[in-house]
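A.B. asks: Chains as they are written, first to last, in the numbering used here: chain A, 1 to 109; chain B, 110 to 224.
Okay, handing you the structure first.
Shown next as structure tokens:
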């Protein structure tokens with residue numbers, strides 16, 4: 001079965017510091033990987049998907065099939081980045097969406 | 110674009126009654142809608158996947174007779190919690206997906222409290 005792990009429940013960094021939110025997955029095939037973000041009192045929204053290979057709000061994520069990882073990175077964290085971040089996996093057919101447990105990022109002033 | 114709404118946003122009901130939650134895609138046609146459940150400070154757990162015009166596919170451990178899902182049109186899916194009990198109290202979130210992309214657009218969620 002597919003599984004997504006995010007080892008850190010809470011990650012605190014200072015403003016301007018680099019940040020990396022870890023995500024590992026287990027799936028034998030070729031999944032699609034996503035990062036979703038949920039700001040306080042807002043709905044979940046898509047941040048990144050690996051197939052688009054783009055940078056959103058300064059965040060990037062690279063799929064490492066060898067390490068089965070999809071870590072989210074940003075070189076200089078901003079206070080407005082404070083939110084809950086979920087890594088998610090989907091099979092190629094778009095079904096079977098699995099979310100990781102989430103990491104709460106807190107960017108301190 | 111790509112807005113998903115849910116109604117109601119918050120509902121309180123008595124134990125034993127049924128509650129219907131609506132999920133609508135406002136500006137696009139959703140061939141697939143997903144229903145999730147989220148307990149406090151926990152991640153989203155997929156409950157079921159529904160494709161327009163066909164029966165929903167439930168995840169293991171989700172009682173299909175208790176959580177009735179109907180996806181009658183390309184813009185509306187409903188989740189009915191039948192004979193609700195206090196343990197059904199949770200945050201229910203729907204999402205909708207257009208074809209051929211895999212991106213899901215999420216609704217704001219519905220908080221159900223069963224007393």
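Note that CB positions come from ideal geometry on N, CA and C, so glycine has one too.
Since the model is a prediction, treat every value here as computed from it, not as a measurement.
Here's the rule: buried if 16 or more other CB atoms are within 10 angstroms of the residue's CB, otherwise exposed. What is residue 17 of chain A?
C.D. replies: The residue given as residue 17 of chain A occupies position 17 in the first chain. Label assigned to residue 17 of chain A: exposed.
A.B. asks: Which chain B residues sit within Cβ distance under 9 Å of residue 101 of chain A?
C.D. replies: Working through the first chain from its first residue, we reach residue 101 of chain A at position 101. 151, 152, listed in chain order.
A.B. asks: Residue 47 of chain A lies in the beta strand (DSSP E); which residues open and close that run?
C.D. replies: The count along the first chain starts at 1 and reaches residue 47 of chain A at position 47. Element bounds for residue 47 of chain A: 45 to 49.
A.B. asks: Considering only residues of the same chain and omitting the five flanking positions on each side of residue 60 of chain A, which have a CB-CB separation below 7 Å?
C.D. replies: Counting from 1 along the first chain, the entry for residue 60 of chain A is found at position 60. Counting only Cβ-Cβ distances below 7 Å, and skipping sequence neighbours, we find 73.
A.B. asks: Output the distance between the C-alpha atoms of residue 128 of chain B and residue 75 of chain A, rounded to the nearest integer angstrom.
C.D. replies: The residue you call residue 128 of chain B lines up with position 19 of the second chain. The residue you call residue 75 of chain A lines up with position 75 of the first chain. Each residue's alpha carbon lies about 46 Å from the other.
A.B. asks: Look up residue 222 of chain B in the DSSP assignment and give the residues it is bridged to.
C.D. replies: Here residue 222 of chain B refers to the residue found at position 113 when the second chain is read from its first residue. For residue 222 of chain B, which the question treats as bridged, DSSP gives the partners B:121.
A.B. asks: Please look up how many angstroms separate the CB atoms of residue 228 of chain B and residue 132 of chain B, rounded, as I've assumed it's under 8 Å.
C.D. replies: Coverage of chain B is limited to positions 110 through 224, which leaves residue 228 of chain B absent and any answer about it impossible.
A.B. asks: Do we get a CB-CB distance below 8 Å when we pair residue 162 of chain B with the residues of chain A?
C.D. replies: Counting from 1 along the second chain, the entry for residue 162 of chain B is found at position 53. It does not: the Cβ of residue 162 of chain B has no partner Cβ on chain A nearer than 8 Å.
A.B. asks: Do we get a CB-CB distance below 8 Å when we pair residue 86 of chain A with the residues of chain B?
C.D. replies: Start at 1 with the first residue of the first chain, and residue 86 of chain A comes out as number 86. With 8 Å as the cut-off, residue 86 of chain A counts as an interface residue toward chain B.
A.B. asks: What are the boundary residues of the beta strand (DSSP E) that residue 157 of chain B is part of?
C.D. replies: Here residue 157 of chain B refers to the residue found at position 48 when the second chain is read from its first residue. Unbroken beta strand (DSSP E) run through residue 157 of chain B: 153 to 160.
A.B. asks: With 8 Å set as the bound, which would you pick, yes or no: does the beta-carbon of residue 155 of chain B sit closer than that to a beta-carbon of chain A?
C.D. replies: As a first step, residue 155 of chain B must be located in the second chain, where it is residue number 46. Closer than 8 Å to some Cβ of chain A, the Cβ of residue 155 of chain B qualifies, so yes.
A.B. asks: Of all the residues that make up the region 41 to 55 of chain A, which are near chain B by a beta-carbon distance shorter than 9 Å?
C.D. replies: The region 41 to 55 of chain A vs chain B, Cβ under 9 Å: 42, 43, 44, 45, 46, 49, 51.
A.B. asks: Identify each residue in the region 65 to 80 of chain A for which the Cβ-Cβ distance to at least one residue of chain B is less than 7 Å, and report them in chain order.
C.D. replies: Within the region 65 to 80 of chain A, no residue qualifies.
A.B. asks: If we define contact as Cβ-Cβ less than 8 Å, is residue 176 of chain B a contact residue for chain A?
C.D. replies: As a working mapping, residue 176 of chain B is identified with position 67 in the second chain. So, not an interface residue.
A.B. asks: Counting contacts by CB-CB distance shorter than 8 Å, is residue 14 of chain A in contact with chain B?
C.D. replies: Residue numbering aside, residue 14 of chain A sits at position 14 when the first chain is read from its first letter. Output row for residue 14 of chain A: interface = no.
A.B. asks: Could you check the C-alpha separation between residue 4 of chain A and residue 98 of chain A for me, to the nearest Å?
C.D. replies: Translated into the one-based positions of the first chain, residue 4 of chain A becomes position 4. Translated into the one-based positions of the first chain, residue 98 of chain A becomes position 98. In a straight line, the C-alpha of residue 4 of chain A is about 7 Å away from that of residue 98 of chain A.
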